[in-house]
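Residue numbers (my numbering): 2 to 238. Glycine included, C-beta positions come from ideal geometry on N, C-alpha and C. Worksheet: the structure to be examined is printed underneath.
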Ligand code: ADP
């Protein structure tokens, strides 16, 4: 049996702007086991990004409980949160978020700089992971010298360089043409086959089809959770 990596119980998130409150999440309960490949779908404004920010420890719930690898996130102070973000979670974004002036390997080594890894080891690990994503011959290229699909593979390499147990991706193929989408999806499939946990937001059915489990959210609630074990009306317990 796989252990849960993420456990959310009745998580709510309220944004307050002056007198106006928006309930972006209205009681989300969800368990994701290590090694699962999960897609989150839902219309714009349904709460997907808010959920991703909470899963990634970039924001905290207004109420409810979130445990990451068994550790209650609400008990972590800012330095522990930063450490968890850096070591346990790899982030991939729609806009790649690469630094334009840095070469591929310099972009990939960044999380290791923050983690305090020595320079020679950083270079070795960055080059090795770039080889793994099929860019061993592009380590000294800058983002502007790479295709969209190659840039996203650099971003995936950066997400993986700290060997995180969880990869969170927010519309990772949203800016890619179909052949680059296929490249990035093949890479995610490989990560999943190696036992990584992947949670991605997408609005593209062909991307979601590759996941083992698809969670639909609407108005801040899980309305469908369809996985290998079948469909349930709310989060799996
Ligand atoms: P999605 O990613 O599905 O488009 P979001 O999580 O971005 O949805 O947003 C959910 C709801 O929360 C929306 O109504 C949005 O306007 C609101 N919202 C998101 N972020 C903020 C914020 N920082 N301040 C106020 N309201 C926000």
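For residue 14, the pairing in a beta bridge is given by DSSP as 26. For residue 208, the distance from the CB to the nearest heavy atom of ligand 1 is not below 7 Å.
Inclusion of residue 150 and residue 184 in the CB contact set at 8 Å is warranted, their separation being smaller than that value. With contacts defined as CB atoms closer than 8 Å, residue 106 and residue 69 fail to qualify as a contacting pair. Taking 7 Å as the cut-off, one finds at least one heavy atom of ligand 1 near enough to the beta carbon of residue 16.
Between the stretch 182-201 and the stretch 160-167 there are three or more inter-stretch CB-CB distances shorter than 8 Å, so the stretches are counted as touching. Cβ-Cβ separation between residue 215 and residue 42: approximately 6 Å, consistent with a contact (criterion under 8 Å).
Listed by position in the chain, the residues whose beta carbon lies within less than 5 Å of some heavy atom of ligand 1 are 16, 23, 25, 45, 46, 47, 48, 49, 50, 51. Using a Cβ-Cβ distance cut-off of 8 Å, the stretch 203-219 and the stretch 43-59 are in contact, since at least three pairs of beta carbons, one from each stretch, lie closer than that value. Distance from the CA atom of residue 11 to the CA atom of residue 65, rounded to whole angstroms, is 5 Å.
In its chain, beyond the 5 residues on either side, 32, 34 have a beta carbon closer than 6 Å to the beta carbon of residue 5. Note that the C-beta distance between residue 159 and residue 112 is below 8 Å.
By alpha-carbon distance to residue 142, the top candidate from 101, 172, 115 is 101. Per DSSP, the unbroken beta strand (DSSP E) holding residue 64 starts and ends at 64-69. Its chain contains 127, 130, 131, 155, 158, 159, 162 as the residues whose beta carbon lies nearer than 7 Å to that of residue 109, once the 5 sequence neighbours on both sides are disregarded; these appear in chain order. For residue 210, no alpha helix (DSSP H) encloses it, and the DSSP letter there is neither H nor E. Apart from sequence neighbours up to five positions away, no residue of its chain approaches residue 125 with a beta-carbon distance below 6 Å.
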